[in-house]
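Student:
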Amino acid sequence: MRLPPLNAVRAFEAVCRHGSILKAAEELKVVRGAVRQQIATLESHFGRKLFVRDGRRLIPTAEATAFAEASGAAFDILQRAACELSGTGPGRIRLGVPSAFAVWWLMPRVADMQASLGDMAVDIVPMSVVEPLLMHPELDAVIMGGEYRPAAGVTAVRFMEDEFGPVATPALAATLSESPAAMGRLTMLASRSVPKLWDEWFAESGTPPVAFSRVQEFEDLLLALGAARSGLGIALAPRASIEDDLQRGQLVAPYGFIARPSGYSLCCRTSDAKRPDFSALSGWLRRCGRPS
């Protein structure tokens, strides 16, 4: 089978990432009509519709989603190969990191990281909402915890165990009994950036879901943990993000922490995985983490 036009594939892949013809057109620096024409060309090539509409978003079909992932990986490989051929390969790594993890785990170690990596530069990009690398062509790698799902063209290097559990101030924790059901008297502090974190803890710990007296949501996990430190309620936290708080006694974990099988992983494009700079970064992370 002959390959479809690459311009049409590029437009299709951008629309899949953004869910929007307008945003895809802005990225590609063309008008919306040009993107629509490329999508029509690709649908004519394959003889099938590639999208369904959900409100204002365009949702690719299951078959189209698989093709978009493969296309994104292929374009990444071509881009990096072109950079290497022209001698303009990236001199730094743009690393997406969950905000809370960046503030409380990575930044206290950033001087050691830089000393270990020498002249190689790492730009740390905080992510309030952690999304897969394939959705962020502007990034070279991302650190992911329980959010990670395998994807074509992406290599994940697990470097640290991931534990999480409910945390509160010592004063609030002292009001709780041994049964997690007692948390229902407190305000549940949740984050929109990780909306299923509480549900995952109930499921993975085998704890029956608790009916909280009140739920307060924050845009970011950083804010939810800040509210927990102030005594507003009880939050669900990854241990790596609050290790200092535990050591200083600002927060306690009344029901302990449970390990998550996914752990923390450095995710990069498979075409980059064996590059010396990525090998150096993953090696440093493994030395500083707590591999199982």
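So that you can map any letter, position 126 of the sequence shown is 126 in full-length UniProt numbering, and since no number is skipped, the others follow by simple counting. Ideal Cβ positions, reconstructed from N, Cα and C, are used throughout, including at glycine.
1. For the beta strand (DSSP E) holding T187, just list the boundary residues, first then last.
2. Could you check where the alpha helix (DSSP H) with L266 kicks off and where it finishes?
3. Once the 5 residues before and after E163 are set aside, which same chain residues still bring their CB inside 8 Å of it?
4. How big is the Cα-Cα spacing for A141 and S177?
5. Decide if F46 is buried, meaning its Cβ has at least 16 other Cβ atoms within 10 Å, or exposed.
6. Locate the beta strand (DSSP E) running through T155, then write down its first and last residues.
7. With 16 other CB atoms within 10 Å as the buried threshold, where does K29 fall?
8. Strictly by DSSP, which residues pair up with F51?
9. By the DSSP assignment, the alpha helix (DSSP H) with M113 in it spans what residues?
10. Run through DSSP, which three-state label would F218 get?
11. Is the Cβ-Cβ distance between V215 and A182 less than 8 Å?
12. Measuring straight from C-alpha to C-alpha, what distance separates V9 and E26?
13. With H, G and I counted as helix, E and B as strand and the rest as coil, what does DSSP make of A24?
14. Report yes if the C-beta distance between M188 and I234 is below 8 Å; otherwise report no.
15. When you compare each of K274, Q114 and F12 to V154 by their alpha carbons, which one comes out closest?
16. Where does R149 sit, in a helix, a strand or coil, going by DSSP?
17. For R98, name the three-state secondary structure that DSSP assigns.
18. I need the straight-line Cα distance from S20 to D54, nearest angstrom please.
19. With a cut-off of 8 Å on the beta carbons, I'd call A11 and A24 a contact; round off their distance for me.
20. Cβ of A168 within 8 Å of Cβ of L251?
21. Thinking just about the alpha-carbon of each residue, which of A82, A70 and S193 is nearest to the one in S128?
22. Buried or exposed: where does P209 fall if 16 or more other Cβ atoms within 10 Å of its Cβ makes it buried?
23. Whose C-beta lies closer than 7 Å to the C-beta of L3 among residues of the same chain, with five residues either side of it excluded?
24. Where DSSP assigns a beta bridge to I234, which residues make up the other side?
25. With a 10 Å radius around its C-beta and 16 neighbouring C-beta atoms as the bar for buried, classify D123 as buried or exposed.
26. Using the C-alpha atoms, what's the distance from L50 back to A64?
27. With 16 other CB atoms within 10 Å as the buried threshold, where does Q38 fall?
28. Return yes when the Cβ of A224 is within less than 8 Å of the Cβ of F218, no when it is not.
Tutor: With the given structure in hand:
1. Per DSSP, T187 belongs to the beta strand (DSSP E) from T187 to S191.
2. Under the DSSP assignment, L266 falls outside any alpha helix (DSSP H), being part of the beta strand (DSSP E) whose first and last residues are I258 to R269.
3. Excluding positions up to five away in sequence, the list reads P238, R239, A240, F257, I258, A259 and R260.
4. One C-alpha to the other measures close to 43 Å.
5. Per the 10 Å Cβ criterion, exposed.
6. Run containing T155: V154 to V167, per the beta strand (DSSP E) assignment.
7. K29 sits exposed, since fewer than 16 C-beta atoms from the chains shown fall within 10 Å of its C-beta.
8. Bridge partners of F51: P60.
9. Counting along the chain, the unbroken alpha helix (DSSP H) around M113 starts and ends at V110 to L117.
10. It is a strand residue.
11. Going by C-beta atoms, V215 is not nearer than 8 Å to A182.
12. One alpha carbon belongs to V9, the other to E26, and they sit about 16 Å apart.
13. If DSSP states are grouped into helix, strand and coil, A24 belongs with the helices.
14. Taking 8 Å as the Cβ cut-off, M188 and I234 qualify as a contacting pair.
15. Among K274, Q114 and F12, the Cα nearest to that of V154 belongs to K274.
16. Three-state DSSP puts R149 in coil, outside helix and strand.
17. According to the sequence as given, residue 98 is Pro; it is not Arg. For P98, the secondary structure class from DSSP, reduced to helix, strand or coil, is strand.
18. Approximately 11 Å between the Cα atoms of the pair.
19. About 6 Å; that satisfies the 8 Å criterion.
20. For A168 and L251, yes; Cβs fall inside 8 Å.
21. Nearest of A82, A70 and S193 to S128, Cα basis: S193.
22. Under this definition P209 is an exposed residue.
23. Within the same chain, L3 has no close Cβ partners at all.
24. I234 pairs with M188.
25. Under this definition D123 is an exposed residue.
26. Using only the alpha carbons, I get a separation of about 6 Å.
27. Classification of Q38: buried, given that the 10 Å Cβ count is 16 or more.
28. Yes.
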